[in-house]
Every structure is written in C-alpha cells, then in structure tokens.
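Participant: Please read through the structure below; I'll follow up with questions.
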Amino acid sequence: MTESRRRLAPEQRRAQLLDIGARLFADRPYDEVWIEEVAELAGVSRGLMYHYFPNKRDFFAAIVQRAADGLVEATTPDPALPVLEQVVAGLDAYLDHFAANGHGIRAVNQGALSADAGIRAIVEREIDAQQRRILDAIDLDPSEVEVAAMAVHGWLAFVRATCLDWLDHPAVPAEALRELCLRTLAGALAPYVDLGIEQGSQAPAIRG
4 MTESRRRLAP
14 EQRRAQLLDI
24 GARLFADRPY
34 DEVWIEEVAE
44 LAGVSRGLMY
54 HYFPNKRDFF
64 AAIVQRAADG
74 LVEATTPDPA
84 LPVLEQVVAG
94 LDAYLDHFAA
104 NGHGIRAVNQ
114 GALSADAGIR
124 AIVEREIDAQ
134 QRRILDAIDL
144 DPSEVEVAAM
154 AVHGWLAFVR
164 ATCLDWLDHP
174 AVPAEALREL
184 CLRTLAGALA
194 PYVDLGIEQG
204 SQAPAIRG
C-alpha cells in the first residue's frame with residue numbers, strides 16, 4: 004500500500020525509504036526488489052528516490068549499514084552481568100536479527116552482493132565490534148590476547164555461517180542453535196577463560 008505523501012525533513016524521508024526497503028528486502032530476494040516500487044510505496048518520484056540513493060546497490064548498502072548499526076546497538080552488553088549472560092543476550096539479539104531479515108542476509112552472504120567489497124566491509128566492521136566487546140569482557144593475560152582474538156573472530160564467523168544455514172532449516176529451535184554457539188565459544192576459549200558452562204548442563208535462558 005502506498006504511504007500517503009507528506010512533507011518530511013530530508014533525514015525523515017531517507018529513514019522512510021530505508022524502512023520500506025528493509026521490509027521489501029526482508030521478504031524477497033535482492034533481484035526481486037525494484038527501486039521504482041520503493042518510490043511508489045513511499046509516494047515520491049523516482050527522481051527523489053535517486054537523489055537519496057544513486058542506485059539499487061547503494062540503497063541496499065545503506066540498509067545493511069543501518070541494520071549493522073542497529074545490531075551492534077541491540078547487542079550492547081551490560082557490563083554488570085557475568086560474561087556468559089552478556090554473550091547469551093547478544094546471541095538472542097543476533098538470532099532475532101537473522102530470523103527477521105532472511106532474504107537480506109542471504110543477499111549479503113550468498114547472493115549478487117556477496118562479493119561486494121563495500122558490503123563485506125560493513126559486515127566486517129560489525130564483526131570487529133562484537134569481537135572487541137567479547138575480548139573486553141574477559142580477563143586475559145597479555146600473552147593470550149592475540150590468540151584469543153583469533154579464536155573469537157573464528158567463532159563469530161562460525162556463528163554467522165551457522166545462522167545462515169539455520170535460515171534453510173527453520174525447524175531447528177533457536178534455543179538449540181544458541182546452545183550450540185555458546186558451547187562452541189566455551190570450547191574455543193577454554194584454554195584462556197572459563198565461561199561457566201559445565202558439561203551436560205544447559206546454558207542460561209535470558210529471555211523472560
């Protein structure tokens with residue numbers, strides 16, 4: 004349904020276009036979303052749409068950047084919590100993001116834009132932010148920081164790949180995926196820190 008046309012400040016208009024695009028890219032593959040449709044739904048001309056975003060790739064990149072910023076904000080840890088609970092809360096937000104943005108995530112990782120250097124840079128910046136948070140939360144000997152950073156970076160790549168696979172296997176409960184990711188992190192960091200997950204125990208549930 005076309006949104007009623009109204010005067011908006013430039014930042015409001017840009018946000019409106021991104022909102023519409025995010026909905027479309029979440030519901031459809033990249034190649035099935037058209038800039039002209041976004042303009043029509045927003046009730047604006049194609050010329051105005053191209054004033055904000057020169058082409059479809061730049062439009063998608065802006066959506067990816069906003070989603071990455073939102074994900075980093077949504078996974079902001081509470082330093083008052085134990086490390087394990089911080090990671091669990093972050094994983095919950097991460098799984099929610101993947102579940103809500105399947106097509107867009109596939110476009111970034113498997114589709115037409117999977118090799119786009121600009122899109123990949125956005126993803127890497129988000130991964131780097133998550134890596135720094137985990138490393139800042141754990142107490143490491145200075146001699147262990149570099150190898151632990153490699154372990155965390157590898158784990159974040161594992162989480163992303165596993166969540167991507169999960170999109171094709173929606174019958175797998177989110178709780179099971181979270182458990183897998185948590186135990187994998189605990190194993191990767193076992194030489195350096197104890198996250199408090201005992202063998203045979205269930206990781207804590209944070210959601211109310």
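Under our numbering, the first residue of the sequence shown carries the number 4, and numbering increases by one thereafter.
Backbone N, C-alpha and C fix where the C-beta goes; we use that ideal spot for every residue, glycine too.
Since we're looking at a predicted model, the values are computed, not measured.
Where does L51 land, buried or exposed, given buried means 16+ other C-beta within 10 angstroms?
Facilitator: Numbered from 1 along the sequence shown, position 48 holds the residue referred to as residue 51. Exposed: under 16 other Cβ atoms inside 10 Å.
Participant: For L116, does the three-state DSSP call read helix, strand or coil?
Facilitator: As a first step, residue 116 must be located in the sequence shown, where it is residue number 113. Residue state, collapsed to three classes: coil.
Participant: Under the three-state reduction of DSSP, which class applies to I200: helix, strand or coil?
Facilitator: The sequence position of residue 200 within the sequence shown is 197, counting from 1. The DSSP-derived three-state label of I200 is coil.
Participant: Would R135 be called buried (16 or more neighbouring beta carbons within 10 Å of its own) or exposed?
Facilitator: In the sequence shown, the residue the question calls residue 135 occupies position 132. Exposed, because fewer than 16 other Cβ atoms sit within 10 Å of the Cβ of R135.
Participant: List the endpoints of the continuous alpha helix (DSSP H) containing H54.
Facilitator: As a position in the sequence shown, residue 54 is number 51, starting the count at 1. Per DSSP, H54 belongs to the alpha helix (DSSP H) from 49-55.
Participant: Out of F161, S117, S146, R109, point me to the one whose CA is closest to D130's CA.
Facilitator: Within the sequence shown, numbered from 1, the residue matching residue 130 stands at position 127. It is Ile, not Asp, that sits at residue 130 in the sequence shown. When only C-alpha atoms are compared, the closest one is F161.
Participant: Closer than 8 angstroms by C-beta to S48: which residues in its own chain qualify, once you throw out the five before and the five after it? Chain order, please.
Facilitator: Counting from one through the sequence shown, the residue named residue 48 turns up at place 45. Annotation for S48: A42 place their beta carbon closer than 8 angstroms to its own, counting only its chain and skipping 5 residues before and after.
Participant: Quick one: Cα of L188 to Cα of P173, how far?
Facilitator: Sequence index remark: in the sequence shown, residue 188 carries index 185 (1-based). Sequence index remark: in the sequence shown, residue 173 carries index 170 (1-based). If you take the alpha carbons of L188 and P173, they lie about 22 angstroms apart.
Participant: Thinking Y195 and L143 are a contact (beta carbons under 8 angstroms), I'd like their distance in whole angstroms, please.
Facilitator: Mapped onto the sequence shown, residue 195 falls at position 192. Mapped onto the sequence shown, residue 143 falls at position 140. Yes, they are in contact, since the Cβ atoms of Y195 and L143 sit about 6 angstroms apart, within 8 angstroms.
Participant: Whole angstroms is fine: what's the gap from L167's alpha carbon to P13's?
Facilitator: As a first step, residue 167 is located in the sequence shown; it is residue number 164 there, counting from the start. As a first step, residue 13 is located in the sequence shown; it is residue number 10 there, counting from the start. Those two C-alpha atoms are separated by around 35 angstroms.
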